[in-house]
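Asks: Starting off with a structure, shown below.
Protein chains: 2
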Amino acid sequence: MTSDETPDIRKRGGLATITDVARLAGVSIKTVSRVMNAAPNVTPATQDKVKAAALALNYEPNHSARVLAGSRSYSIGLVYENPHEFSYLKHVLDGAFEACGELGYSLLLKPCRSEDANLVSVVRQFVAQTRVDGIILPPPLGDVDALTRYLGEQAIPYAQIAPREDHKGAIVVRSADEVASRQMTSHLLDLGHKRLGFIKGDHRHGASELRFEGYVQALREAGLDYDENLVREGRFDFNSGARAGESLLALAQGPSAIIASNDDMAAGVIFVARQQGLQVPEDLSVVGFDDTPTASHIWPPLTTVKQPISEMAALAVASLIGQVRGDEPMTHGLFDCELIVRGSTCAPR
Amino acid sequence: MTSDETPDIRKRGGLATITDVARLAGVSIKTVSRVMNAAPNVTPATQDKVKAAALALNYEPNHSARVLAGSRSYSIGLVYENPHEFSYLKHVLDGAFEACGELGYSLLLKPCRSEDANLVSVVRQFVAQTRVDGIILPPPLGDVDALTRYLGEQAIPYAQIAPREDHKGAIVVRSADEVASRQMTSHLLDLGHKRLGFIKGDHRHGASELRFEGYVQALREAGLDYDENLVREGRFDFNSGARAGESLLALAQGPSAIIASNDDMAAGVIFVARQQGLQVPEDLSVVGFDDTPTASHIWPPLTTVKQPISEMAALAVASLIGQVRGDEPMTHGLFDCELIVRGSTCAPR
DNA sequence: CTGAAAGCGCTTACAG
DNA sequence: CTGAAAGCGCTTACAG
Chain A
1 MTSDETPDIR KRGGLATITD VARLAGVSIK TVSRVMNAAP NVTPATQDKV
51 KAAALALNYE PNHSARVLAG SRSYSIGLVY ENPHEFSYLK HVLDGAFEAC
101 GELGYSLLLK PCRSEDANLV SVVRQFVAQT RVDGIILPPP LGDVDALTRY
151 LGEQAIPYAQ IAPREDHKGA IVVRSADEVA SRQMTSHLLD LGHKRLGFIK
201 GDHRHGASEL RFEGYVQALR EAGLDYDENL VREGRFDFNS GARAGESLLA
251 LAQGPSAIIA SNDDMAAGVI FVARQQGLQV PEDLSVVGFD DTPTASHIWP
301 PLTTVKQPIS EMAALAVASL IGQVRGDEPM THGLFDCELI VRGSTCAPR
Chain B
1 MTSDETPDIR KRGGLATITD VARLAGVSIK TVSRVMNAAP NVTPATQDKV
51 KAAALALNYE PNHSARVLAG SRSYSIGLVY ENPHEFSYLK HVLDGAFEAC
101 GELGYSLLLK PCRSEDANLV SVVRQFVAQT RVDGIILPPP LGDVDALTRY
151 LGEQAIPYAQ IAPREDHKGA IVVRSADEVA SRQMTSHLLD LGHKRLGFIK
201 GDHRHGASEL RFEGYVQALR EAGLDYDENL VREGRFDFNS GARAGESLLA
251 LAQGPSAIIA SNDDMAAGVI FVARQQGLQV PEDLSVVGFD DTPTASHIWP
301 PLTTVKQPIS EMAALAVASL IGQVRGDEPM THGLFDCELI VRGSTCAPR
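Same order as they appear, the protein sequences are chains A and B.
Residue numbering for the first sequence follows the numbering used here, beginning at 1 and increasing consecutively.
Residue numbering for the second sequence follows the numbering used here, beginning at 1 and increasing consecutively.
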């Protein structure tokens, strides 16, 4: 074989181009483009020819060429802050990748630090380089004002996951944190607890405030006084939970149950309780939020709250893509949580 | 202002192009390209002019245009299988993103299932669409033969992280799993344990075999018989560890210590030990591998082994990029592990 | 229902 | 040391 016989198909890395498909199908590249994009006004017969040719050549449209030529990038950006506990983000990724895959989009990740003074220019660079069609902001990034203001100015669509505050024009998905926290608190009140400690989460996360408010509401409904001596600040990590737990357990009139605003902090409370020779749940009931792997792997397994995080993220992505495509945007999604009662709660002694 | 006065700069989404920069700097686009790519043979004065213009316009090269025009895509793909425990992958992502960021590359993720019959075509589609310059394969994907064979045929560079088997021509990074397991086993032998249970990890992961071999070696060195009745198969998740633990504890002559091949399985062992009323470590020592968050959050905190996963991933990425650029490829990296002794081990009663 | 032309923003290969 | 031309593989806007 001389090189003259080598078909042009192998020109670049052995990958077929739209021209190769057009030639094999005996149509113009525009028609191939129509078929690949499921555009209207192509006869079934032509469609079949093109599809067969594409299949025969293992043709996949070059993403870069589409982005450069078109007005859309077929990709969504997910900006995230590296958390203490990755399981929340794992579910976000799962849901986001699934929705992107189904809709023919790719998902581009951008790790960052929400307190970075350069956050806006980091994101600006990311957008400028990738031309993403929209951005997903998991907590706490949906509440970084400088960032969302920038996105708004540039008319870059974005979706907030579980933000403190809903933005007009933005897609918002959240779970019923306040309701879940009220139910959790009621669960403990129903068991007979009167003195309920509460450890707040990272104040930058909207869920922290909502969970706290659910706690206050449930106490009020039960006719109990809200006692600020039983409330501590945490940061959603094990260590801050442990320290807050120590502080609550050092009280003369300590709580018989502690509500930690997430599972990692609850694990910290259980850790120090046991260091002090307390039995959980007999001497102290402890609960968390999020149903992380830790929740079911520690002893006793944690009573906690489960959110459908993957589904929330999938809806955020699907809505964002819908908005870009000009479909009716679903701008708000509210998801129910599920109370999971395990072994870390019982009636007080 | 009439629209005629609007500079061309805002043509597409307000983002400056190479032409805008060239015009402002008073040079050709080729010179801008040289400066942006740190190519040689540009006078410092010209460099300064171009850099100033780029800065003034907030210019960022369009990734798609570079990929389409050039022979490289400036991106690396990371194909991963969704694990039971995400902390290993979190560290892989951290290291990979860091190395990519430093070298001006972007990292594209592709979730998949290693046992998917279509795995190869999933990756083929991913490569065809994105034109990634190379692929990172965390375990167990570096040992999926159909996949690595395909990448080899297509001459797509790849890096295996902690594979069972090193491939010629591929970049390999791994930690000293066998040594670490031998040290861990010796730690228990030194404490006075004679009957050591062992729970193997997922057989598709190379580390599983290496950790098992380290265990066998240490026993042999200590002049102890290797007893296959004390060995169980696990799958790296909590439940398989719990079941294997139950089985070992049901033995007439049970072990006084159990080595689980990762922390999740060790947590499972501790869980069932406690269900059976055993005290850890007094009645049973338990150890794991990986130093996940769970390891330090459960009670007692786990004696375990820590690997520098982020650094391994960063080296894999840097080597891959080096290979693409034609630098000397670092084809093999071996990293030391660290034994972390915590509260889950003590001398037998 | 289908196609020819122009152009997206860069890099490549070549010229000077 | 610098630049003009061609082209990467698609989509857009237009024509028929």
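Glycine included, every Cβ here is placed at the ideal spot set by N, Cα and C.
Using a Cβ-Cβ distance cut-off of 9 Å, determine whether residue 270 of chain B contacts chain A.
Replies: yes
Asks: Which value, in whole angstroms, describes the spacing of the CA atoms of residue 260 of chain B and residue 113 of chain B?
Replies: Roughly 25 Å separates the two Cα atoms.
Asks: Is residue 278 of chain B helix, strand or coil by DSSP?
Replies: coil
Asks: Please identify, using Cβ separations under 8 Å, the residues of the region 101–115 of chain B that lie next to chain A, in order along the chain.
Replies: Residues of the region 101–115 of chain B with a C-beta less than 8 Å from any C-beta of chain A: 106, 107, 108, 109 and 111, listed in chain order.
Asks: Taking the Cβ atom as the reference point for each residue, do residue 285 of chain A and residue 304 of chain A lie within a distance shorter than 9 Å?
Replies: In terms of Cβ geometry, residue 285 of chain A and residue 304 of chain A do not form a close pair [threshold 9 Å].
Asks: Might you give, ordered along the chain, the residues of its own chain that have their beta carbon closer than 6 Å to the beta carbon of residue 49 of chain A, omitting 5 neighbours on each side?
Replies: 25
Asks: Identify, in the order they occur along the chain, each residue of the same chain with its Cβ nearer than 8 Å to the Cβ of residue 238 of chain A, setting aside the five sequence neighbours on each side.
Replies: 84, 264, 265, 267, 268 and 271
Asks: Let me check understanding here. Comparing Cα to Cα, which of B/145, B/327, B/233 and B/273 lies closest to residue 250 of chain B?
Replies: Nearest C-alpha to residue 250 of chain B: B/273.
Asks: Give a yes or no on whether 9 Å exceeds the smallest Cβ distance from residue 215 of chain A to chain B.
Replies: So, not an interface residue.
Asks: According to a CB-to-CB cut-off of less than 9 Å, which residues of the region 52–64 of chain A neighbour chain B?
Replies: 58, 59, 60, 61, 62, 63 and 64
Asks: My understanding is that residue 134 of chain A touches residue 199 of chain A, with C-beta atoms under 8 Å, so please give their C-beta distance in whole angstroms.
Replies: Between residue 199 of chain A and residue 134 of chain A the Cβ distance is about 35 Å, and since that is not below 8 Å, they are no contact.
Asks: Quick one: what's got a C-beta closer than 7 Å to residue 9 of chain A's C-beta in the same chain, skipping five residues either side?
Replies: At residue 9 of chain A the pLDDT is 35, less than 50, meaning the model places this residue with poor confidence and gives no usable figure here.
Asks: Smallest Cα separation from residue 204 of chain A: which of A/102, A/191, A/318 and A/236?
Replies: A/236
Asks: Three or more beta-carbon pairs under 8 Å between the region 119–135 of chain B and the region 114–134 of chain A, yes or no?
Replies: no
Asks: By alpha-carbon positions, which one of B/299, B/190 and B/308 ends up nearest to residue 176 of chain B?
Replies: B/308
Asks: Less than 9 Å between CB atoms is the rule here; does residue 67 of chain B satisfy it with respect to chain A?
Replies: yes
Asks: With a threshold of 7 Å on Cβ separation, who are the neighbours of residue 33 of chain A within its own chain once the five nearest residues in sequence on each side are excluded?
Replies: 18
Asks: Out of B/55, B/157 and B/316, state which residue places its alpha-carbon closest to the alpha-carbon of residue 124 of chain A.
Replies: B/55
Asks: Along the chain, where does the beta strand (DSSP E) containing residue 304 of chain B start, and where does it finish?
Replies: 304–306
Asks: Return the CA-CA distance between residue 144 of chain A and residue 319 of chain B, expressed in angstroms with no decimal places.
Replies: 36 Å
Asks: At which residues does the beta strand (DSSP E) containing residue 159 of chain B begin and terminate?
Replies: 158–161
Asks: Go to residue 200 of chain A, then tell me how far its beta strand (DSSP E) extends in each direction, as first and last residue.
Replies: 196–200
Asks: Which same chain residues, not among the five before or five after residue 345 of chain B, have their C-beta less than 8 Å away from its C-beta?
Replies: 187, 188, 191, 257, 281, 285, 286, 287 and 303
Asks: Please report the straight-line C-alpha distance between residue 314 of chain B and residue 95 of chain B, rounded to a whole angstrom.
Replies: 4 Å
Asks: Between residue 14 of chain B and chain A, is there a C-beta pair that is closer than 9 Å?
Replies: So, interface residue.
Asks: Suppose the cutoff is 6 Å on Cβ atoms and the five residues either side in sequence are ignored; what does the same chain contact list for residue 11 of chain A look like?
Replies: Only weak support is given to the placement of residue 11 of chain A: the predicted model assigns it a pLDDT of 39, under 50, and the value that follows is read from those uncertain coordinates. Same-chain partners within the cutoff: there are none.
Asks: Taking the straight line between their C-alpha atoms, what separation do you get for residue 38 of chain B and residue 99 of chain B?
Replies: Distance between residue 38 of chain B and residue 99 of chain B, taken at the CA atoms: about 19 Å.
Asks: Roughly how many whole angstroms lie between the Cα atoms of residue 337 of chain A and residue 152 of chain A?
Replies: 30 Å
Asks: Give a yes or no on whether the minimum CB-CB distance between residue 11 of chain A and chain B is below 9 Å.
Replies: Any reading at residue 11 of chain A must be qualified, since the residue scores a pLDDT of 39, below 50, and its modelled position is unreliable; no value is offered.
Asks: What would DSSP say about residue 331 of chain A, mapped onto helix, strand or coil?
Replies: coil
Asks: Could you check whether the Cβ of residue 24 of chain B sits closer than 9 Å to any Cβ belonging to chain A?
Replies: Residue 24 of chain B does not count as touching chain A.
Asks: 9 Å is my cut-off, CB to CB: does residue 93 of chain A come that close to chain B?
Replies: yes
Asks: Take the Cβ of residue 275 of chain A as the centre, count every other Cβ of all protein chains shown within 10 Å, and call the residue buried at 16 or more, exposed below.
Replies: exposed
Asks: Quick check: the Cα distance between residue 43 of chain A and residue 31 of chain A, rounded to an integer number of angstroms?
Replies: 10 Å
Asks: Closer than 7 Å by beta-carbon distance: list the chain A residues that pair up with residue 267 of chain B, in chain order.
Replies: 297
Asks: At 7 Å on the CB atoms, spell out the chain B contacts of residue 128 of chain A, in chain order.
Replies: 15 and 60
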